[in-house]
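Protein sequences, first through last, are from chains E and W. Reminder that position 23 of the first sequence reads as 712 in the working numbering, one-by-one numbering, no gaps. Reminder that position 118 of the second sequence reads as 807 in the working numbering, one-by-one numbering, no gaps. Yeah, the Cβ is synthetic: ideal placement off N, Cα and C, and Gly gets one too. A quick write-up on the structure given underneath.
Number of protein chains: 2
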Amino acid sequence: MNIPMVKNVLAESEELAHENQKRLSQKSVFTINIMSSPGAGKTAILTQTIPRLKSHGIRCAVIEGDITSTLDSELIYALNVPVVQVNTAPFGGDCHIGPHFISAALEMINLDAIDLLFVENVGNLVCPAEFNLGEDRKVVVLSLPEGDDKPLKYPLMFRVCHLCLVNKTDLTPYLDVNFENMREHICLVNGEMMVLPVSAKTGEGIQAWVDWILKERAGVFN
Amino acid sequence: MNIPMVKNVLAESEELAHENQKRLSQKSVFTINIMSSPGAGKTAILTQTIPRLKSHGIRCAVIEGDITSTLDSELIYALNVPVVQVNTAPFGGDCHIGPHFISAALEMINLDAIDLLFVENVGNLVCPAEFNLGEDRKVVVLSLPEGDDKPLKYPLMFRVCHLCLVNKTDLTPYLDVNFENMREHICLVNGEMMVLPVSAKTGEGIQAWVDWILKERAGVFN
């Protein structure tokens, strides 16, 4: 007799994440999962970051997660790095990237030809925080115009990430919030969190973020 | 023999939404479900809107949806209107408000004493679009700093809503995007959508939004 059983979906997801992690680690590919609200500036930060990493001899690739469209992929493609678009719309419009999407995308990337893989997650400050993909580091981008209450209202994201980039600091003179307010509220949720101010528009702070990547990568693959 | 069956969760959700709608309609309470990314300005818009509606003789109440915290409720409470906080964290940290949360919240509001109910959804441009709550109108707030590609990347939200408020127009001089870009992209996704520019900071456009509410309400309960 064959009695169907409800599988533990989360355990299966963790197993897949672990497989991705092993596969990437065997090829010495350092992987960063970047998450944020819609429009916080993930793609704009990547377009500033990838050329700088290239000048440090780091070969990047990007997995672009979106519900629909290839708008962000096109911006990354223009940088002349491998990019794989993951659209969740044909799979129910998932509000996050699961590790199965990464497994499929890895089939399309030559892991011997890259040193660093960015995963740009679906713009969502809630659901992506719940899923491990097999990444080495999780990074959250928070933009100043979103306001300094966000860490308190969406705490899980700020608990699971290793670094927070506070973007759009160029708007500081026109807002009622600044980097220091933001950092204080982030630290209330996660005192261990590294927090860096950046402006993808002016390039401010991007080098400090690149330095962080290089240091973290060296800590894993030295 | 009792064989357990997987219930159609979505059908059950629709049924609950319909019950809410009937209950609100019987009391002539016009209900607006407000959705957006985190930090687009839903609460700030409500704090500008509710006193103006009061001056038109409209008695408001608010259901505040958050994963955790009562930060937004406290701002609304200061306006001296009934407010019920719905925190989804104890229920798995839901990334949206489902109709069952509304049914529960309605138990705590005297529907005879109000004319208009705002539901401020969890900040998320993806998942809340998928659930009817029993509301009369759905409104999405999009803030200028989020960028004009958002309607194309998160189309479902822009398909299901009746009105889009484009907030933070006070930042126009400092951004590469303006209200007209935004409106064009919104219209590509939903040509029927009403789009209004507002600034919760300066109060610009708030009266036009209040007029829209009064007109829509009059169309339902004349």
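Supposed close pair residue i, residue j - CB separation, criterion 8 Å
i, j, result
"M871 (chain E)", "L852 (chain E)", "13 Å between Cβ atoms; not a contact."
"P932 (chain W)", "L877 (chain W)", "A question about residue 932 (chain W) goes unanswered here, because the residues of chain W that appear run from 690 up to 911."
"G894 (chain E)", "T861 (chain E)", "Incorrect: roughly 12 Å between the Cβ atoms, too far for contact."
"E824 (chain W)", "N722 (chain W)", "4 Å"
"E897 (chain W)", "G730 (chain W)", "Here the sequence assigns Ala to residue 897 (chain W), which means Glu is not the residue at that position. Actually they are not in contact, since the Cβ atoms of A897 (chain W) and G730 (chain W) sit about 16 Å apart, beyond 8 Å."
"S702 (chain E)", "P788 (chain E)", "6 Å"
"V811 (chain E)", "I786 (chain E)", "6 Å"
"V887 (chain W)", "I734 (chain W)", "7 Å"
"M846 (chain E)", "L885 (chain E)", "Actually they are not in contact, since the Cβ atoms of M846 (chain E) and L885 (chain E) sit about 16 Å apart, beyond 8 Å."
Short CB-CB distance (under 9 Å) between residue i and chain W
i, result
"E819 (chain E)", "yes"
"S726 (chain E)", "yes"
"N835 (chain E)", "Checking the sequence shown, residue 835 (chain E) turns out to be Glu, not Asn. Closer than 9 Å: yes."
"K827 (chain E)", "no"
"K743 (chain E)", "no"
Residue i, DSSP secondary structure in three states
i, result
"I721 (chain W)", "strand"
"E753 (chain W)", "strand"
"V815 (chain W)", "coil"
"F820 (chain E)", "coil"
"F807 (chain E)", "strand"
"I765 (chain W)", "helix"
"E708 (chain W)", "helix"
"S744 (chain E)", "helix"
"S980 (chain E)", "Within the shown structure, residues of chain E are numbered from 690 to 911, placing residue 980 (chain E) beyond reach of any answer."
"C784 (chain W)", "coil"
"E796 (chain W)", "coil"
"P727 (chain W)", "coil"
"V909 (chain E)", "helix"
"E893 (chain W)", "coil"
"L860 (chain E)", "helix"
"V899 (chain W)", "helix"
Residues that DSSP places opposite residue i in a beta bridge
i, result
"R826 (chain E)", "E:I721"
"Q774 (chain E)", "E:E753"
"C853 (chain W)", "W:V829, W:V884"
Cβ of residue i within 9 Å of any chain E Cβ
i, result
"G782 (chain W)", "yes"
"P740 (chain W)", "no"
"S702 (chain W)", "no"
"K711 (chain W)", "no"
"K904 (chain W)", "no"
"K839 (chain W)", "yes"
"K890 (chain W)", "yes"
9 Å Cβ cut-off: residues of chain C touching residue i
i, result
"L860 (chain E)", "Of the protein chains in the structure, E and W, none is chain C."
- prompt: Name the residues in the segment 806 to 818 of chain W whose C-beta lies less than 8 Å from a C-beta of chain E; which are they?
  reply: Hits within the stretch, in order: V811, G812, N813, L814, V815, C816.
- request: Quick one: which residues of the segment 841 to 856 of chain E get their C-beta closer than 7 Å to a C-beta of chain W? List them in chain order.
  value: Within the segment 841 to 856 of chain E, contact with chain W at the beta-carbon level (separation under 7 Å) is assigned to L841, K842, Y843, P844, L845.
Members of the segment 747 to 763 of chain W near chain E, C-beta cut-off 7 Å: Listed by position, the residues of the segment 747 to 763 of chain W near chain E (Cβ gap below 7 Å) are D755, I756, T757, S758, L760.
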